[in-house]
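Trainee:
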Amino acid sequence: MPSDDPADTRLAAEVAKALADRPEAPWYDIGRPIPSSPNRVPAGLSFKAARLLRLASFLGPDPIPLRLFSRYPDRLPMELRGTVEAAAKELGFRGDVVNINRGVALGVREACTPKESAEAIATVRRLLREHLPGDVQGREDWPTWRALLKHTLAAVSDPAVGPPDHISWLHDRAATYLQETGQLAAARLLFERALRLNEAAYGPEHAEVGLTLANLGIVMRMQADHDEAAAVLERAVRVTGTAFGRDSADVMYPVSQLGLVMSEVGRFTDAKFLQEWALRNAEKNFGPDHPTTAVRLTNLAGVLHDLGDGHAAHTMYQRALRIEETAYGPDSAEAGDTLNNLGLLLKDMGRRSESVNALERALAIAERTRGPRHADVAATLNNLGLLSVEQGFPSKAIPRLERALAIGEAVFGRTHPQVGLTLHNLAVARAETGHREEARRLMARAIAIFETAYGTEHRQTRASRTMLAGWR
C-alpha cells in the first residue's frame, strides 16, 4: 500500500517522471541530467579498483551503498572478493558509500567491450537480487528499496544482456515497490516491460508470464482501467491454470482479483462465483483458519454486501477477523482492513453505534501501522465521514472527508474513482451545511470521474447524477 514516508513518495514520483520521459531506457542517469560527453577514465588503477569502478558505472546516479559489493563476496569477480574496501579506498571513496562521477561512468561504459559490459551487468544484477528484499509489502524493507531503486533500474536498462531470471525478478519487485508507494503509472510501465521480457524468454503460456499478468492486472484495477484489467486477469487465470492446475493456489490469486474487478463494474453474480471459487480453494489448500482464507472470506463478504445479503456478509467478516486477530494480533493492519469493511457493512445494516466503534478502531490501527497519509487511512476517514452525514452531523464529517480527499489525490491522482467517492460524500456534507454551490461543483467533478471510469450507466454514476439533479 502507498507509503506515508515523504522520502519514498519523493523518490517514487521522481522515478515515475523519469520513466515516463524515457520509457525505453537507458536508465543509468535516471533522475539526473545525462552527461553530454564522457569524462576521462582515471589511469593507473589497480586491477581490483578498475573492476569496482566498472561495476559501479553500470549502476544509477545515486550514492551506492558499499555493502552492495561487500555483503555477498561470492557473487563478485574473484579479484574483488575480500578487497572491496581497499579498492574503494584506492578510488578515493570514504565511508560506506561509493559516489561515481556520471561523466566518468559514461566513459567507463563506452570503454568496455561487449563481453566486459555483459559481465558487469550480470554481476550487479546478481548482487541486487541477493541484497533486495523480495517481500516489498513489508514497510521495514522499504529503506533498502529506497536506496537501491535507481540502481536496480540502471541494472535492467539493457534487457538483451544476460539470462532472463534476474532481470524479470528485478523488474517485478521494482514495479511492486512503486505500486506500494503509490506510483501506479510507473509500476504499470515496469510490469508491462516485465511481461514482454518473460513472453520473449519463456513463451506466452509460461507460468512466469501468468504471474506477471496477475501483478499487471492488479495495477490496472487500482488505476480503474477495468476493461484492460479484466482482459489481463482472465488471461492470467488461463495461463496459471494451464501451468499449475486449475485449482492450484497460484490460480486463485488472479481469480480473486478478477472477482474484485467484476464487483467494481457491478457484475456481482460473476464476482460471487469467482470469490466462492477462490474461498473453496483456500479452505482446501490452506485450511479454514489460514490468513489466505481470511482474505478470500473478506472478498466474498464484500460481494454479498453489494448483493444485499448483510447477514451472510457479517458472518464472513467476523470469521475473517477472528483468523487475522489470531494470526497477526488484534491491532494488526490486516485486522484493521477487515474492521473497516465490517464497519461499512454495519452502517448499511443500521447498526450505527457498532459501525462507529469498528471504523474508529480501524482508523487508529491504520494510522499506527501504515501512517497518517496512507490510502487505507483515507478509506476509513471516508467511511467515517459518510456515517457522520447519515447520523445528521455533516459539520463533523467535512474535516474527515477533506483529509481523505487530500490523501486520495496524493496517492491515486485527481481522477481516480476512490477520489470520486470522497468527492461525492464531501458534496453531500457541503449540501447538508447549506453550501449548495460548492456541493454542486464537487458532485459534478465526481460524476466526471465516474463517467470516465465506469460509464454513464454505472450505479455510482447514476446515484451521483441523481443527487446533483436534486440540488438544481
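With UniProt numbering applied, the sequence shown has no gaps in its numbers, which climb one by one up to 472 at the end. Beta carbons: idealized from backbone N, C-alpha and C, even for Gly.
Apart from the five residues on each side of it in sequence, which residues of its chain come closer than 7 angstroms, Cβ to Cβ, to A358?
Mentor: Excluding positions up to five away in sequence, the list reads L339, L342, G343, L346.
Trainee: Report the three-state DSSP secondary structure of I64 (helix, strand or coil).
Mentor: The answer is strand: DSSP assigns I64 an E or B state.
Trainee: Please classify E208: is it buried, with 16 or more other beta-carbons within 10 angstroms of its beta-carbon, or exposed?
Mentor: Buried is the call here.
Trainee: If I measure Cβ to Cβ from V124 and keep anything under 7 angstroms in the same chain, skipping five residues before and after, which residues do I get?
Mentor: Counting only Cβ-Cβ distances below 7 angstroms, and skipping sequence neighbours, we find L55, F58, L59, A155.
Trainee: I need the straight-line Cα distance from A50 to N99, nearest angstrom please.
Mentor: If I take the Cα positions, the gap works out to 14 angstroms.
Trainee: Mapping DSSP to helix, strand and coil, what is V265?
Mentor: Coil at V265, not helix or strand.
Trainee: Are the CB atoms of V232 and G245 within a distance shorter than 8 angstroms?
Mentor: No, they are not a contact pair.
Trainee: Look at R238 and A229 and say whether their C-beta atoms are less than 8 angstroms apart.
Mentor: Cβ distance not < 8 angstroms, so R238 and A229 don't count as in contact.
Trainee: Any chance the stretch 68-84 sits against the stretch 102-109, with 3 or more Cβ pairs inside 8 angstroms?
Mentor: Taking 8 angstroms as the limit for Cβ pairs, the verdict is that the stretch 102-109 does not touch the stretch 68-84.
Trainee: Please report the straight-line C-alpha distance between P2 and K89, rounded to a whole angstrom.
Mentor: With a pLDDT of 46 at P2, under the threshold of 50, the modelled position of that residue is not reliable, and the figure given next carries that caveat. Straight-line Cα distance between these residues: approximately 39 angstroms.
Trainee: Are there 16 or more other CB atoms within 10 angstroms of the CB of P288, so buried, or fewer, so exposed?
Mentor: P288 comes out exposed.
Trainee: Considering Cα atoms alone, identify which of A453, H458, L442 is closest to L468.
Mentor: The shortest Cα separation from L468 among A453, H458, L442 belongs to L442.
Trainee: Excluding the five sequence neighbours on either side, which residues of its own chain have a C-beta within less than 7 angstroms of the C-beta of residue 474, listed in chain order?
Mentor: Since the first and last residues shown for the chain are 1 and 472, residue 474 lies out of range.
Trainee: Once DSSP output is grouped into helix, strand and coil, what is the label at V156?
Mentor: If DSSP states are grouped into helix, strand and coil, V156 belongs with coil.
Trainee: Round the Cβ separation of N425 and V389 to the nearest angstrom and send it over; I've been treating them as touching at under 8 angstroms.
Mentor: Contact flag correct, Cβ pair sits at about 7 angstroms.
Trainee: By the three-class DSSP mapping on this structure, what secondary structure does V356 have?
Mentor: Helix, per DSSP.
Trainee: What's the C-alpha gap between L292 and K284?
Mentor: The displayed chain sequence assigns Thr, not Leu, to residue 292. Distance between the alpha carbons of T292 and K284 is about 11 angstroms.
Trainee: Between R319 and the rest of its own chain, which residues show a CB-CB distance below 7 angstroms, the 5 nearest in sequence each way excluded?
Mentor: Here the set comprises L297.
Trainee: Residues in the same chain with beta-carbon distance under 7 angstroms from D247, minus the five sequence neighbours each way, listed in chain order, please.
Mentor: Taken in chain order, the residues that qualify are N281.
Trainee: Are there 16 or more other CB atoms within 10 angstroms of the CB of E205, so buried, or fewer, so exposed?
Mentor: The residue in question, E205, is exposed, as its Cβ has fewer than 16 Cβ neighbours within 10 Å.
Trainee: Please state whether DSSP places V97 in a helix, a strand or coil.
Mentor: V97 falls in the strand class under three-state DSSP.
Trainee: Give the straight-line distance between the Cα atoms of A410 and R188, rounded to the nearest whole angstrom.
Mentor: Each residue's Cα considered, the two are about 18 angstroms apart.
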